[in-house]
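Q: The numbering of the sequence shown is numbering that gives the first Met the number 0, which starts it at 0 and goes up by one.
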Amino acid sequence: MSESSRPYSKLSDGRTLDPLFGPVWIKETKGMTATKKDLSGRYCNKLYTWLEVDMFGKAWMCCPSWLPYPIGNVLTDSLEEIWNGPRAQELRKQIFTGDWKYCQHEFCPMIAGDHLPFLNDDSPTTTIAPLPTHINFSNDESCNLKCPSCRVDKLLFTEGPLYDRRKIVNDKLVDMLFTSPTDRFFSIHVTGSGDPFASKIYREMLQEIDGELFPNLEVNLQTNGVMFTPRNWERISKIHNNLKNCAISFDAGTKETYETKTRIGGNWDLLLENCKFLDSQVKNYPQFAMAYDFVVQTDNFKEMRRYIKTIDNLFPNASSINFSLVTDWGTWSKDVYESKCIWKDTHLQHKDLLTVLQDNIFKHPKVRLGNLTPIWKKANGL
Numbered sequence: 000m001s002e003s004s005r006p007y008s009k010l011s012d013g014r015t016l017d018p019l020f021g022p023v024w025i026k027e028t029k030g031m032t033a034t035k036k037d038l039s040g041r042y043c044n045k046l047y048t049w050l051e052v053d054m055f056g057k058a059w060m061c062c063p064s065w066l067p068y069p070i071g072n073v074l075t076d077s078l079e080e081i082w083n084g085p086r087a088q089e090l091r092k093q094i095f096t097g098d099w100k101y102c103q104h105e106f107c108p109m110i111a112g113d114h115l116p117f118l119n120d121d122s123p124t125t126t127i128a129p130l131p132t133h134i135n136f137s138n139d140e141s142c143n144l145k146c147p148s149c150r151v152d153k154l155l156f157t158e159g160p161l162y163d164r165r166k167i168v169n170d171k172l173v174d175m176l177f178t179s180p181t182d183r184f185f186s187i188h189v190t191g192s193g194d195p196f197a198s199k200i201y202r203e204m205l206q207e208i209d210g211e212l213f214p215n216l217e218v219n220l221q222t223n224g225v226m227f228t229p230r231n232w233e234r235i236s237k238i239h240n241n242l243k244n245c246a247i248s249f250d251a252g253t254k255e256t257y258e259t260k261t262r263i264g265g266n267w268d269l270l271l272e273n274c275k276f277l278d279s280q281v282k283n284y285p286q287f288a289m290a291y292d293f294v295v296q297t298d299n300f301k302e303m304r305r306y307i308k309t310i311d312n313l314f315p316n317a318s319s320i321n322f323s324l325v326t327d328w329g330t331w332s333k334d335v336y337e338s339k340c341i342w343k344d345t346h347l348q349h350k351d352l353l354t355v356l357q358d359n360i361f362k363h364p365k366v367r368l369g370n371l372t373p374i375w376k377k378a379n380g381l
């Protein structure tokens, strides 16, 4: 079986060798409406709380699409060495120097949407930080779908050396977090790499965690929703009271687009059925929030309005209706990727996207435009 080389493929453009961080992949931003910003006096709490680990054990302080500089490796370094080593401290320095040269301003939704808070009396004053409280498991890409924007082949690791490598990384994280019961606050995020219910590694982990032993644990899920069935809901009953957020990836407003273009292998009808069930559970677990995601590209941008209406009409307990821009995972050829980037002002259909974004439905109180915000502002003359 093949494997992804996410978070950045060696096929992607922008690969460079940094003297401190080693190989990094800087995503291309030509044609984007969003630009670099003056972030002097701004603050980002992820640099003090967030640890993301990939299938090779590489550790990051944010989504690698937004901050593509790794700070260490859990397979060779201790957590303290990773979290307060020279690379981590270098990334935190940008808060105090005001020179945010490491973050990709154009892709980060907090920066592009102008949501980064300002420094205040409660902000950190040092580049040293307590150990992270938000752990993102991105070490297994296993998924039941084959979405073209994400992968070339269907990836499902259940045995063999590729599975073993991912399991070793996962066991490291589990040992770090769940060896002894604690009332310490921390959260886990599963997953930014595949699907938590398609992955044997994640599925078993979520079923085994006893939430009563970790009363202040928050569990956040990111899933395509097709396998988040009532049966799998019951299988994770020991963490029902720990569930905090769940993001369901839709990426379409119609069955045809979902099943034939953006979510290959998906089942639209089953997705809606599962989401209706989960929406009903929100009332029983008031701390649990359900959100829905849509990655904008050429194949689906005309369905953005229909997607909002679908979520709003079918799932009244939705916490948010989210958008983000398609990005390069190295799965498409250069020409195909360019054809999908409707957000580029050089794209032949870019003006059609601007027309779509002029609809007042995007002012819906639950809509979150993320890194689409600059384009929405452009479309509406703001």
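Glycine is no exception: its CB is placed at the ideal position from the N, C-alpha and C atoms.
If you draw a straight line from the C-alpha of residue 369 to the C-alpha of residue 341, how long is it?
A: Roughly 16 angstroms between the two C-alpha positions.
Q: Relative to the C-alpha of residue 157, which candidate in 144, 170, 139 has its C-alpha closest?
A: Considering only alpha carbons, the answer is 139.
Q: Given a threshold of 16 other Cβ atoms within 10 Å of its Cβ, counted over all protein chains shown, does residue 284 qualify as buried or as exposed?
A: Residue 284 is exposed by the Cβ-count criterion.
Q: Run the CB neighbour count on residue 6, radius 10 Å, all protein chains shown included, and call it buried at 16 or more, exposed below.
A: Low confidence applies here, because residue 6 scores a pLDDT of 47, under 50, leaving its location unreliable and the question unanswered by this model.
Q: Which residues in the same chain as residue 343 place their Cβ atom closer than 7 angstroms to its Cβ, once the five residues preceding and following it in sequence are excluded?
A: Excluding residues within five positions, the ones whose Cβ falls inside 7 angstroms are 30, 31, 349.
Q: Name the residue from 306, 85, 336, 164 whose alpha carbon lies nearest to the alpha carbon of residue 367.
A: The option with the nearest alpha carbon to residue 367 is 306.
Q: Per DSSP, which residues does residue 289 bridge with? Please list them.
A: BP columns for residue 289 point to 245, 317.
Q: I need the boundaries of the beta strand (DSSP E) containing residue 222, first residue and last residue.
A: Element bounds for residue 222: 216-222.
Q: Just the Cα atoms here: how many angstroms apart are residue 200 and residue 166?
A: The straight-line gap from Cα to Cα measures roughly 7 angstroms.
Q: Just mark residue 21 as buried or exposed, buried being the case when its beta carbon has 16 or more other beta carbons within 10 Å.
A: Classification of residue 21: exposed, given that the 10 Å Cβ count is below 16.
Q: Going along the chain, which residues of its own chain have a beta-carbon closer than 7 angstroms to the beta-carbon of residue 72, five neighbours each way excluded?
A: Excluding positions up to five away in sequence, the list reads 56, 57, 58.
Q: Alpha carbon to alpha carbon, what distance is there between residue 213 and residue 308?
A: Their Cα atoms are separated by approximately 38 angstroms.
Q: Do residue 215 and residue 181 count as a contact pair if the criterion is CB distance below 9 angstroms?
A: Against a cut-off of 9 angstroms, the Cβ pair of residue 215 and residue 181 comes out as a contact.
Q: Whole angstroms is fine: what's the gap from residue 351's alpha carbon to residue 298's?
A: Answer to the nearest angstrom: the Cα atoms are 13 angstroms apart.
Q: In whole angstroms, what separates the C-alpha of residue 17 from that of residue 69?
A: Each residue's alpha carbon lies about 11 angstroms from the other.
Q: Are the Cβ atoms of residue 26 and residue 326 separated by less than 9 angstroms?
A: Against a cut-off of 9 angstroms, the Cβ pair of residue 326 and residue 26 comes out as a contact.
Q: Residue 296: buried (16+ other C-beta within 10 angstroms of its C-beta) or exposed?
A: Flag for residue 296 reads buried.
Q: Just to confirm before moving on: does the CB-CB distance between residue 291 and residue 323 stay below 9 angstroms?
A: No, Cβ-Cβ distance for residue 291 and residue 323 is not below 9 angstroms.
Q: If residue 133 and residue 49 are in contact, beta carbons under 8 angstroms, what's the gap, nearest whole angstrom?
A: Between residue 49 and residue 133 the Cβ distance is about 5 angstroms, and since that is below 8 angstroms, they are a contact.
Q: In the DSSP assignment, find the unbroken beta strand (DSSP E) run with residue 361 in it and report its ends.
A: Looking at the DSSP string, residue 361 is not in any beta strand (DSSP E), and its letter there is neither H nor E.
Q: Between the C-alpha atoms of residue 337 and residue 44, what's the straight-line distance to the nearest angstrom?
A: Residue 337 and residue 44: Cα-Cα distance of roughly 33 angstroms.
Q: Do residue 110 and residue 38 count as a contact pair if the criterion is CB distance below 9 angstroms?
A: For residue 38 and residue 110, yes; Cβs fall inside 9 angstroms.
Q: Applying the criterion that 16 or more other CB atoms from any shown protein chain within 10 Å of the CB defines a buried residue, is residue 339 buried or exposed?
A: Classification of residue 339: buried, given that the 10 Å Cβ count is 16 or more.
Q: Note down, in chain order, each residue of its chain lying with its Cβ closer than 7 angstroms to the Cβ of residue 235, except the 5 sequence neighbours on either side.
A: 205, 206.
Q: Using 8 angstroms for Cβ pairs, my map puts residue 363 next to residue 311. What's the rounded Cβ distance?
A: The pair is a contact, with the Cβ atoms about 7 angstroms apart (cut-off 8 angstroms).
Q: Put residue 113 into one of helix, strand or coil per three-state DSSP.
A: Coil at residue 113, not helix or strand.
Q: So, with DSSP's three-state summary, where would you put residue 198?
A: In the structure shown, residue 198 sits in coil (DSSP, three-state: anything other than H, G, I, E or B).
Q: Apply the 10 Å Cβ neighbour rule to residue 19 and answer buried if 16 or more other Cβ atoms are within range, or exposed otherwise.
A: Looking at its Cβ environment, which holds fewer than 16 other Cβ atoms inside 10 Å, residue 19 is exposed.
Q: Give the DSSP-derived three-state secondary structure of residue 21 in the structure shown.
A: Strand at residue 21.
Q: Quick one: residues in its chain with C-beta nearer than 6 angstroms to the C-beta of residue 208, no 5 flanking neighbours on either side, listed in chain order?
A: Excluding residues within five positions, the ones whose Cβ falls inside 6 angstroms are 238.
Q: Quick one: grab the DSSP three-state call for residue 33.
A: Reduced to three states, the DSSP call for residue 33 is coil.
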